[in-house]
Structures are given as C-alpha cells and as structure tokens.
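Below: one structure, written as structure tokens.
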Amino acid sequence: MQVSSIELDSVSKRFGSVEVISELSLTIHSGEFIAFLGPSGCGKSTLLRMIAGLETVNAGEIRIGGERVDHLPPGARGVAMVFQHYALYPHMTVFDNLAFGLKNIGTSKDEIGRRIEEAARILEISHLLQRKPGQLSGGQRQRVAIGRALVKDPKAYLFDEPLSNLDAALRVRTRVELARLHQQVRATTIFVTHDQVEAMTLASRIVVMNARKVEQVGTPMDIYGRPATEFVARFVGSPAMNFLAAQIRDRGGLASAVLGDGSVIDTDVPVTALPAGGELRVGIRAEAIRARPDGALPGQVEVVERLGDRTHLHVRLMDGSTIVAEDKGASQVKPGDAIRLAVEGATAHLFDADGLAYHARQ
Amino acid sequence: MTDVTLSSGKATARPRRPSGASIGPRWTNALFVAPYLVFYLVLLVYPLFKGIWMSMLQSDMFDDTSKFSGLANYTRLFNDKVFIGTVWNTTLFVLMTVPVFVVIGLLLALALNRSDRTAATLRAIFFGTSVMSVTIVTIIWQMMYMPDNGAINGVMRFLGLQPIPFITSSSLALVAIAICTIWWIIGLPMMLFLAALQQIPGELYEAAALDNASRSRSFWSITLPSIKRTLLVVIIFEIVAQFQLFGQAWLLTRGGPNNASRPIVLFIYEQGFRAWNLGYAAAASEVLFVIMAIAALVQFFVSRKRVEG
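If you read the sequences in order, they're chains A and B. Throughout the first sequence, residue numbering follows my numbering, covering 1 to 362 in sequence. Throughout the second sequence, residue numbering follows my numbering, covering 363 to 671 in sequence.
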C-alpha cells in the first residue's frame, strides 16, 4: 500500500479575474485524515480538484509524496477521488466500473480480479458486482464509488462531499464505515465537507476555510475549543457560539466582560493579550450557559428546543440581545418564563473587531 | 355516516363515497384524447388502408371509375425496370447520406459542445440551413453545380482542372443530390447529438480522467454508450426521411440523366399525378412503406441486440 504526504506551497487559483484560492500553503501528513470544512463557495472543493488535477493551478506548487504534480494530468498523480454524485459509469457493471481504471494502466486480468475481490469484500459489495449502477441504492452506489478508489491503491484518497446525497440515517452509518475503513487502510485522505459533524467525527485535523482563505488548521478539539476567529467559532458547534458585546475590565490580569445590562462575565483571558481600549465581543458556547436561580444574567425564555438528552433555551436578555443556553433533558422551563442564567466564564472567548479570537491560557 | 359490514368476525368500515366520485372508467374522459384520435384516424389510419386498397385497383381518373385488379399493380411494378432503378437509387442515396449524417453530425456536435461564443455562432450557422426551403437549397446548389458558370467548376477552372459534370453525369447526379442534402439538414442530427452530449454529467469525464482514460477511450467507453439512444433515433429518423427523397431530385436533376437519380417518391409522383396511374402509384407507395419499415426495424433490432449484448 502506498501512503504519501501532500504539500501545497503558495497555491493560487483564479477563475477569470476572481481569485478563489490565494497563496494557500498546507502540509497534509502521510496517512492523515484531513477535512476541508467551510460554507458553499469558500473554495474547498476547488482546492481538492486542484490536488486531483481537475483544475489548473495558477501559481504555487503541489507535491504528492515529495514529487511535484501540479503539471501532471489527473491520472498521473496517483490519487483517487470519490465524487459527490458518485460519477459511476452508468452503462458499465459494478465490476467494470472498478476495473476501468486498472484496465487503462494495463493491469493484468488476474490482478484486476484479485483487487476487485478484495475491495468488494472490504466494502461488502461482492453480490453487486454484476449489477449496473442504476440498479443500486444510494448507499450501495457510494460503496462502489469508494471501491473504485480503493482498487487503485492510490497515494491519497480525495472525497468531495461524499455523504451529502445520503439520507440522514445512512449518512451516519457511512460516516462510521469511512472511519473504520481509514483505520484499516491508513491512507492519506482529504475529505471535503460543509458539515461540521462529519469533519469533527472523521478528521484527525480540520482545515476551516472561508471566503477563499484558510481560517484555521487544527485538531477537531482545537477548532471547537480554541477557534482562531469569530467565523470558526460561529461555523463549528451546534448551536452556534453566543456573541455578546462587552466592555473589558481588568480583574487582576484577567479580563472581565461587562455586558450591556451591567452583568459581568469573568473570563480567564489575559488582559495583556487584548487590543487596547476597544469594545470586544465575548463568545460563550451554549453548554457554558446554564439556567440557575442564582445566575447573574436575567432574561426571558422565547423558544424551548427539546433534544431529548438536553434542552436548548433561546433567551432574550435585558439589553435585548438573545443567547442560547443549555438545560437538562427534562427541563421544566417553558417559553415566556423569566429565568436567570449562570455563565461559566472560564470557557469564554473574546473576539476583537477584526474577528480575531483571544483565549484563556492553556 | 358509515356503513359497517361484519365478515369473518372482523369489522370493516367502508366510508361512503362522496357525491360526484365514481369507480371505473369514465367515458367522458375520452374527450381529452378525442381530438388527437380523430386526426390520427382521419389523416393516418384511413389513408394507410385507403392506400393499400387503392394499390389493388386499376383507377381511371378521367371517368372516375376503378376496378379491382388484385396484385396486378405489384406484379407490374416488379417487372418495371424504371421502378427497380428508383428502388436502387433511393437505397444508394440512403446509404450515402445516413452514415454521413451520423458521423459528421456527431463530429460537429463534439466539436461544438462548448459554451463559448464561436461555438454558439457555428451551431446557429450549421443549423441555419435546416430551416431553408428545398427550393432555396436547390437554387444555391444549382449555382454551385452548374457545368459552365457554377461556383465549383469556376474554382476548378481557376486551378487549371477539368470541370466536373455534377448534375449532368449519370454517375455523379445522385452524389450531387446527396451532398446538397447533407449540407441542407446536417444541423438537425448535430442538434440532437448536442442535446444528448449535454446530458452526460461532466463528473463522468473527470472520473475517467482520474482513471487514466485517454480521450479516445473516454469517447468509446463513456460518450458513445451514453448517447446510444439518440444515435438510434437519428439513424432511424434519417433512414425514414431519406427514403422519401423528392424535392432535391425533382428540382436539381428531374431524376435524370437517364433515370440515374430518380428516387421512389419521384416515380410515385410521376405515376400518380402526371400519368394519372393512381393504383400503380399507390402500389409503389406501399413498397416504399415496406422498405422503410424493414430498414428501420432491422436497425432497431440490431442496435437493441448490441446494447443488450
């Protein structure tokens, strides 16, 4: 099995006068499962297609396994891609779909048979080999698409939103199967998605992209726990992080955030790191805001979302802003109730006017 | 209110139908298809059987009498050297044009399956000729083919070459009509192929590129299988259309020289409306109908077998 690192060195991409990727550099380690996460139009799929060779690179270099590949045609780069809409050849049987790429590079018939048998066994599609894609369900097509990548024994696997066409239950199941497959194959994998749950659960590192640039590269818990920017904080995590305008007060070297209604959230963010004299925003995740009679923040409940194991309370504060708090699954709170919220300030983050984040010391 | 019936110990509630609803066919619904059905019966089915009937009559158009003659018209037809010649000419014409329509139509579609302005302009130009009437087309090609001052022979003379007698030579007349026909309606197969090509998802070609498929491999393994239905439609449509060659032959060569470019429909026209042998013309029409049906069916079954195989 081949496993290779992928290096992107100041790569840029323009469509006409619009620059969609600007001088992006990134190293994907050998055997790593990395996710490109971002909203539609952020450039994540374009970047993947540049690595695959389906889009040209206007500037910079792409290296796979140390070898420069950005001038090579897609087939010569040694990567395999799983497309969003599967892109199975509709008139060929599953077997021929898997064999097509191998036949094109002159692989012997025996070797083709052996590889297909092995891939079909791993993906449990052996009984489907003589069917055509039109006779398969969405999940089965997805497996065949993965199988087509698997038989090639590529240097890297590229997945372009492969789960977005599956229904919710199948998506969760396929996600687990992909994680299992990666543990088995241990190949370098790039997974493009706009679904933060997919990125968080599958990837060992996540590249969060927005508006054609990388916002943050880090492990899932880094991204969640210490978001580099306000965009990352908003995009990752459900419900999205709460943001409240605040004045900063020095509390023995640590910042206290004074909200519009005068209530105070004591954060662990060092004051010295913060920009001088500006109004900042304090960012707090819902799970750090609890309904408690002795809470410092008074408010009125507008919407109650019951998720079974927990309840999300959408609360309007005295200054008119709304935040989402978390309560236990069997919460007694009803819409219209006046409640008080206790904020766990130690997990709060501060964001400046440019959206840059400031965190507590680790 | 509901009716309750008891059967085998189980209670089954059958809701009463709301007023106006009914079970079973409603014959008034047939009114929706009636207009089409009327035209279909009057303009297609009736003439078909009337034609078959006419082909078994000896009709006299002048005193409007006719007498049944069985298969006499057919016997006469198969002994008529001119008719046999027209069958041969028409078949040859179909063999000359249909493969060209398919191959050049597909090549043009492949070349112009782009979204830039040049391709759009060329598509409009190639399709533009299809909307011209046969009269205009033959005038244009007469100006091209004329032996003395035609455009092609002008160029030949300019190059110091012998002029080519396109429409006056019995070996070239049919070829000249074929070239004119191809120029005239190549736009239609091109458009049909373009529509089919645009239905092929781009991802398939990207997957093929990642699968190391060359351009020719992509064409044979992806493009061609993806458009096979359109291919079949174009072939059958063109076989049926080209067997009915008439206007170009009538206006360019009048079937000459020496019957070398006389097609079946021209024979039917001359027998029916110039010699007033309606029964004989009807018999020739039926023969043409059978030939076209056989050609289309053979093509259909051969293609289906290949697809299934």
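For every residue, glycine included, the Cβ atom is placed at its ideal position computed from N, Cα and C.
Review point. If the cut is a Cβ gap below 8 Å, which residues of chain A does Asn574 (chain B) touch?
Key: Near Asn574 (chain B) (Cβ distances below 8 Å), the residues of chain A are Gly75, Ala76, Gly101, Asn104, Ile105.
Practice item. Output, in chain order, the set of chain A residues within a Cβ distance shorter than 8 Å of Ser477 (chain B). Key: Against chain A, a Cβ distance below 8 Å from Ser477 (chain B) picks out nothing, because the smallest value is about 14 Å.
Review point. Just by C-beta distance, which residues in the stretch 536–566 of chain B are closer than 8 Å to chain A?
Key: So the close ones are Pro563, Glu565, Leu566.
**Study point:** CB contact flag (Ala387 (chain A), Ser4 (chain A), <8 Å)
**Key:** Residue 387 (chain A) lies beyond the stretch modelled for chain A, which goes from 1 to 362, so this question has no answer here.
Review point. Relative to the alpha-carbon of Glu198 (chain A), which residue among A:Asp222, A:Tyr224, A:Arg171 has its alpha-carbon at the smallest distance?
Key: Among A:Asp222, A:Tyr224, A:Arg171, the Cα nearest to that of Glu198 (chain A) is on A:Arg171.
Point to revise | Separation of Arg186 (chain A) from Ala569 (chain B), as counted between CA atoms | key: C-alpha separation (whole angstroms): 23 Å.
Point to revise | Inter-residue spacing [alpha-carbon to alpha-carbon] between Val493 (chain B) and Thr543 (chain B) | key: Val493 (chain B) and Thr543 (chain B): Cα-Cα distance of roughly 13 Å.
Practice item. Would you list the one or two residues that DSSP bridges to Pro270 (chain A)? Key: Per DSSP, A:Leu254.
**Study point:** Check whether Met654 (chain B) and Ile601 (chain B) have beta carbons under 8 Å apart
**Key:** With contacts defined by Cβ atoms closer than 8 Å, Met654 (chain B) and Ile601 (chain B) form a contacting pair.
Check your understanding: Roughly how many angstroms separate the alpha carbons of Leu317 (chain A) and Leu280 (chain A), rounded to a whole number?
Key -> Whole-angstrom Cα-Cα distance: 18 Å.
Check your understanding: Alpha carbon to alpha carbon, what distance is there between Trp503 (chain B) and Gly134 (chain A)?
Key -> Each residue's Cα considered, the two are about 49 Å apart.
Practice item. Kindly confirm or deny that the stretch 102–120 of chain A and the stretch 142–156 of chain A touch, where touching means at least three C-beta pairs closer than 8 Å. Key: Yes, the stretch 102–120 of chain A touches the stretch 142–156 of chain A.
**Study point:** Short CB-CB distance (under 8 Å) between Leu163 (chain A) and chain C
**Key:** Here the protein chains are A and B, and chain C is not one of them.
Review point. Under 8 Å between C-beta atoms, does Tyr157 (chain A) make it to chain B?
Key: Taking Cβ atoms only, chain B never reaches closer than 8 Å to Tyr157 (chain A), which makes this a no.
Review point. How would you label Gln184 (chain A), buried or exposed, when you count the other beta carbons within 10 angstroms and need 16 or more for buried?
Key: Gln184 (chain A) is exposed by the Cβ-count criterion.
Point to revise | Neighbourhood of Lys103 (chain A) by C-beta, 8 Å cutoff - its chain only, sequence neighbours within 5 removed | key: The answer, listed in chain order, is Ile112.
Check your understanding: What span of residues does the beta strand (DSSP E) with Tyr157 (chain A) cover, start to end?
Key -> Taken as a continuous stretch (DSSP letters only), the beta strand (DSSP E) holding Tyr157 (chain A) covers 156–160.
**Study point:** Contacts of Phe83 (chain A) in chain B (Cβ-Cβ under 8 Å)
**Key:** What Phe83 (chain A) touches in chain B, judged by beta-carbon distance under 8 Å, is Glu565, Glu568, Ala569, going in chain order.
Point to revise | Where Pro674 (chain B) sits in the DSSP three-state scheme | key: No answer is possible for residue 674 (chain B): the residues shown for chain B start at 363 and end at 671.
Review point. From His194 (chain A) to Lys44 (chain A), what distance separates their C-alpha atoms?
Key: Rounded to whole angstroms, His194 (chain A) to Lys44 (chain A) spans 9 Å at the Cα level.
Review point. What is the DSSP secondary structure of Asn210 (chain A), reduced to helix, strand or coil?
Key: Three-state DSSP puts Asn210 (chain A) in a strand.
Practice item. Check the Cβ-Cβ distances between His91 (chain A) and every residue of chain B, and say whether any is below 8 Å. Key: Under the Cβ criterion of 8 Å, His91 (chain A) is counted among the residues facing chain B.
Practice item. From the DSSP output, in three-state form, read off Ser370 (chain B) for me. Key: Because the pLDDT of Ser370 (chain B) is 44, which lies under 50, any placement of that residue in the model is unreliable, and the number read from its coordinates should be weighed accordingly. Coil, per DSSP.
Practice item. Please check if any C-beta of chain A sits within less than 8 Å of the C-beta of Ser578 (chain B). Key: For Ser578 (chain B), the closest Cβ of chain A is not nearer than 8 Å.
Review point. Hey, Leu158 (chain A) and Ala87 (chain A): beta-carbon distance below 8 Å or not?
Key: Not in contact: Leu158 (chain A) and Ala87 (chain A) (Cβ atoms no closer than 8 Å).
Review point. Beta carbon of Glu55 (chain A), beta carbon of Thr188 (chain A): below 8 Å?
Key: Cβ atoms of Glu55 (chain A) and Thr188 (chain A): not closer than 8 Å.
Practice item. Inspect the beta-carbon positions of His349 (chain A) and Ala233 (chain A) and report whether they are closer than 8 Å. Key: The answer is yes: Cβ separation under 8 Å.
Point to revise | Where Tyr642 (chain B) falls, given that 16 or more other Cβ within 10 Å makes a residue buried | key: Note on Tyr642 (chain B): 16 or more other CB atoms within 10 angstroms of its CB, so buried under the neighbour-count rule.
Exercise for review: Would you identify the three-state DSSP class for Tyr408 (chain B), choosing helix, strand or coil?
Suggested key: The three-state reading of DSSP puts Tyr408 (chain B) in helix, counting H, G and I together.
Exercise for review: Would you mind stating whether Leu640 (chain B) and Val627 (chain B) have Cβ atoms separated by less than 8 Å?
Suggested key: Not in contact: Leu640 (chain B) and Val627 (chain B) (Cβ atoms no closer than 8 Å).
Practice item. Just grab the DSSP bridge partners of Asn242 (chain A) for me. Key: For Asn242 (chain A), which the question treats as bridged, DSSP gives the partners A:Ile284.
Check your understanding: So, are the CB atoms of Leu594 (chain B) and Ala471 (chain B) less than 8 Å apart?
Key -> No, these two residues do not count as a Cβ contact at 8 Å.
Point to revise | Cβ pair Phe80 (chain A), Ala179 (chain A) closer than 8 Å | key: Correcting the residue identity first, residue 80 (chain A) is Ala in this sequence and not Phe. With a cutoff of 8 Å on beta-carbon distance, Ala80 (chain A) and Ala179 (chain A) are scored as not near each other.
Practice item. Taking 8 Å as the cut-off, decide whether the C-beta atoms of Ala228 (chain A) and Val282 (chain A) are in contact. Key: No. Outside cutoff.
Check your understanding: Curious, which full-length beta strand (DSSP E) runs of at least 3 residues does the stretch 381–457 of chain B contain?
Key -> Annotation note: the stretch 381–457 of chain B contains the following uninterrupted beta strand (DSSP E) runs of length 3 or greater, listed N- to C-terminal: 419–422, 427–430.
Practice item. Quickly, what does DSSP pair Ser4 (chain A) with across the bridge? List them, please. Key: Checking the DSSP bridge columns, you'll see Ser4 (chain A) has no partner listed.
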